[in-house]
Amino acid sequence: MADSVRIRRVAEEIRGQLSEILREEVRDPRLKMLTITRVKLASDLGAATIFYSPLGEDPAAERARELNEAMLAVTGFVRRSLSKRVKLRHTPNLRFILDDSIAEGSQTLSLIRGLDVQPEEEHPESAEASMDPAGEEDGEI
258 MADSVRIRRV AEEIRGQLSE ILREEVRDPR LKMLTITRVK LASDLGAATI FYSPLGEDPA
318 AERARELNEA MLAVTGFVRR SLSKRVKLRH TPNLRFILDD SIAEGSQTLS LIRGLDVQPE
378 EEHPESAEAS MDPAGEEDGE I
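Written as structure tokens, this is what we have:
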């Protein structure tokens, strides 16, 4: 259990540091307005899968490919910068993956909002069915 707590703590520290590195040190204009959504760290801390997402956009296939190429281009620089900021015996190998869960969630939410669901009204027939022929409700004398 102590290992899983440490792994989560290290993954969160890596996420925060990578966010700062991408925001402050990386000069590639293709990578502006990116957020690191999650870091999945191997149990031996040797590899990290970094999930990223562009803010405010649902990247089309062309933009997603452009982001992937840009992330591959800066991986070495980002890893070196990370090694200076996070004190680990070995800096994990970084693998960047476009996280489309935010876009999928946004699309699902817009579909739900687009549904034209009207509240169900009480039908007068059902109210009359509970009345006896004398006009009194069932069970009352």
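To convert, note that position 81 of the sequence shown is 338 in my numbering; the numbers rise steadily by one, no gaps. Idealized CB from N, CA, C, for every residue including glycine. The structure displayed is predicted, hence computed values, not measured ones.
Residue i versus the options, residue with shortest Cα-Cα distance
i, options, result
"LEU361", "GLY273, THR292 and ASP315", "Just to set this straight, residue 361 is Glu in the shown sequence, not Leu. The candidate whose alpha carbon is nearest that of GLU361 is ASP315."
"VAL331", "ILE369, PHE353, ARG263 and ASP373", "PHE353"
"SER300", "ALA268, ARG337 and VAL335", "ALA268"
"VAL283", "HIS347, PHE334 and ASP260", "PHE334"
"ARG471", "LEU302, LEU298 and GLY313", "In the structure displayed, the chain extends from 258 to 398; residue 471 sits before or after that span and is not available."
"LEU312", "GLU319, SER358 and PRO349", "SER358"
"LEU288", "ILE264, ILE369 and TYR309", "TYR309"
"LEU298", "LYS341, GLU270, LEU368 and GLN364", "GLU270"
"PRO286", "ARG320, THR348, ARG266 and ARG265", "ARG320"
"ILE264", "SER363, THR306 and ILE369", "THR306"
Alpha carbon of residue i to alpha carbon of residue j, nearest angstrom
i, j, result
"GLN274", "LEU339", "7 Å"
"LEU351", "ARG272", "11 Å"
"GLU323", "ALA304", "24 Å"
"ASP356", "GLU379", "45 Å"
"LEU329", "GLY371", "38 Å"
"LEU366", "ARG295", "21 Å"
"GLU326", "VAL262", "33 Å"
"ASP260", "PRO376", "51 Å"
"ARG336", "VAL374", "50 Å"
"GLU277", "LYS341", "13 Å"
"ALA317", "THR348", "32 Å"
For residue i, the residue or residues it bridges with in DSSP
i, result
"PHE353", "ILE307"
Unbroken stretches of the beta strand (DSSP E), 3 residues or longer, contained in the stretch 278-312: 291-298 and 304-311
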